[in-house]
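This note's numbering puts the first residue of the sequence shown at 13, with every later residue one more than the last.
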Amino acid sequence: MAKILVVDDNSQLNSMLKDVLESWDYTVLLSEDGFSCLDLARKEKPDVILLDIMLRGLSGYEVCSELKKDPCTRETAVIMMTALSDVQSRIHGYSVGADVFLTKPINYDEIHVIIAQCLQRRQRHQSMESRYAVAETLNYIFTMVTGRPTPINATKLVYCNKLLQSLHWTPEEEEKARIASMLVPIKPLFHEADYGLEQLLAAIEPLKMSAWLTPTIRFLAAPPDERDKFLPGLEAQQCEKPAFLALLVAHYITLYNENDGDRRKILEILRQETAAYHYDEEIFHKLTELINAEIVLETIG
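Right, dumping it as C-alpha cells:
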C-alpha cells in the first residue's frame, strides 16, 4: 500500500485530504510544519509528499530542497500545493526539485490522477536511474569539460512540464522529455574545451538509459540541416518526440534571450524554422499556444 505524506499548516485541509486519500486505499501521514515533515520523510520514507509552500519554520521550497539533497528521500515524488499561480513561483519550485504543482483549491480528481502517475514513475525509477541522477552525472561531466558549473535550467523544465500537460504522452515519453530538457546545450561545449562528442557519449555509456540518450544527444548536437539523418536512431529508441520537445524548448529560451523577450518575433522565427527543418508540428503547435497565452497575459498586465 502506497504511503502519502500530507504537509500543510491548515489542519482542516490536512484532515480532509487524509480522508480522501484513505478512501483510495493509501496510507496517510500528516505534518503541519517543515521540520516535522523532514523528520517524518526520513523516518517513514513515503512514496509521495503533498507539500504546501507556505509553512511554519521552513518554507515548502526549503523543505523540497532538503528532500532532494538527501539520498534517503531524493526519489520521493514531491507535489507542491500552492495558491500562487505565477510562472516565477513555479520556476523556483522546479529549481529546488518539485515534481508537480497543484493550484489550490485542490481538485480531487486531478490529485488522484497525479498521485497515480507519480507512483508509476517511482516504480519505473526502481529499475532505472532517476532523472536527478542522470542530471547530476551529466552536470559533472559538463563541469569537467568546461571548467565551470553547469546548473539545470529551471525555465526549460517549466516549459517542458507545461507542454507535457497538453500533449498527453505516455509516462515513458514524458520521462525522456524531462531528462532531455535537463541537458545543457551540447554543441557550445565543444568550443570551450578540447573534448569531443564521442568522448561525451563514451562517458554516459554506463548509464542504463544511454540507449536512447545517445541518439538524443547526437540529434541535439547536430546542425539544423543535418538533424534528419539522426531521426531513424530516435525512432528506433522511441525518443523522437521527447528529443524534438527538448530541442524546441531550449531553442525558444535561446531566442528569447537573443531577441529581448519579443515573443511575436520569436514565433515568426520558429514558424520559418519549423517549415525549413521539419520540427514536430504537434509540439510546435502546443508551444505556439503557450507563447500566445503569455503574450495575452503580458498585454493584460
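Beta carbons: idealized from backbone N, C-alpha and C, even for Gly.
If we ignore side chains and look at the alpha-carbon of each, how far apart do residue i and residue j end up?
i, j, result
"Glu293", "Arg283", "10 Å"
"Ala128", "Glu184", "14 Å"
"Arg230", "Leu209", "8 Å"
"Thr279", "Ser107", "Sequence check: residue 279 is Leu here, not Thr. About 26 Å."
"Asp121", "Ala214", "45 Å"
"Lys80", "Ser27", "26 Å"
"Lys57", "Leu96", "28 Å"
"Val40", "Thr88", "15 Å"
"Ala248", "Ala110", "31 Å"
"Lys253", "Arg134", "22 Å"
"Tyr152", "Lys277", "35 Å"
"Cys84", "Ser48", "16 Å"
"Pro236", "Met221", "25 Å"
"Val19", "Leu179", "30 Å"
"Leu246", "Ile126", "28 Å"
"Asn173", "Ser23", "30 Å"
"Ile312", "Met13", "47 Å"
"Glu8", "Asp272", "No answer is possible for residue 8: the residues shown for the chain start at 13 and end at 313."
"Gln177", "Leu299", "12 Å"
"Trp36", "Leu29", "11 Å"
"Glu78", "Glu285", "41 Å"
"Leu114", "Leu195", "26 Å"
"Ala262", "Cys130", "25 Å"
"Leu42", "Ala234", "49 Å"
"Arg349", "Lys15", "There is no way to answer for residue 349, as the model of the chain reaches only from 13 to 313."
So residue i and residue j are supposed to be a Cβ contact under 8 Å. How far apart are they, rounded?
i, j, result
"Tyr73", "Ile61", "Actually they are not in contact, since the Cβ atoms of Tyr73 and Ile61 sit about 13 Å apart, beyond 8 Å."
"Met92", "Lys116", "Their Cβ separation, rounded to whole angstroms, is 11 Å, which puts Met92 and Lys116 out of contact at 8 Å."
"His297", "Asp240", "His297 to Asp240, Cβ: 20 Å. No contact."
Comparing C-alpha positions only, which one of the options sits nearest to residue i?
i, options, result
"Glu187", "Val112, Ala14, Phe47", "Val112"
"Gln132", "Thr182, Glu78, Leu96", "Thr182"
"Lys168", "Phe47, Ala234, Ile191", "Ile191"
"His124", "Asp31, Ile103, Pro83", "Asp31"
"Ala255", "Tyr289, Thr228, Leu195, Val261", "Thr228"
"Cys76", "Ala223, Lys55, Gly105", "Gly105"
"Gln251", "Leu232, Leu212, Ser101", "Per the sequence presented here, residue 251 reads as Cys, with Gln not at that position. When each option's Cα is compared against that of Cys251, the closest is Leu232."
"Ala288", "Arg86, Glu238, Arg275", "Glu238"
"Asp274", "Asn304, Thr286, Ala262, Glu285", "Asn304"
Taking Cβ to Cβ, would you say residue i is nearer than 8 Å to residue j?
i, j, result
"Leu175", "Leu70", "no"
"Tyr264", "Tyr171", "yes"
"Leu17", "Leu52", "yes"
"Ile216", "Leu150", "yes"
"Gly46", "Leu25", "no"
"Leu63", "Val99", "no"
"Leu257", "Ile295", "yes"
"Asp21", "Glu44", "yes"
"Ile281", "Leu260", "no"
"Asp82", "Arg102", "no"
"Leu219", "Leu225", "yes"
Quick one: using the 10 Å Cβ neighbour count with 16 as the cut-off for buried, is residue i buried or exposed?
i, result
"Ser193", "buried"
"Asn269", "exposed"
"Asn119", "exposed"
"Glu306", "exposed"
"Ala189", "buried"
"Ile223", "Note that residue 223 is Ala in the sequence shown here, rather than Ile. Exposed is the call here."
"Asn165", "buried"
"Ser139", "Only weak support exists for where Ser139 lies, its pLDDT of 48 falling under 50; the value from the coordinates is given anyway. Counting Cβ neighbours within 10 Å, Ser139 comes out exposed, since fewer than 16 surround it."
Does the beta-carbon of residue i, which I'm using as the reference point, lie nearer than 7 Å to any heavy atom of the ligand NAP?
i, result
"Trp181", "What this structure holds is no ligand at all, so the ligand NAP is not there to describe."
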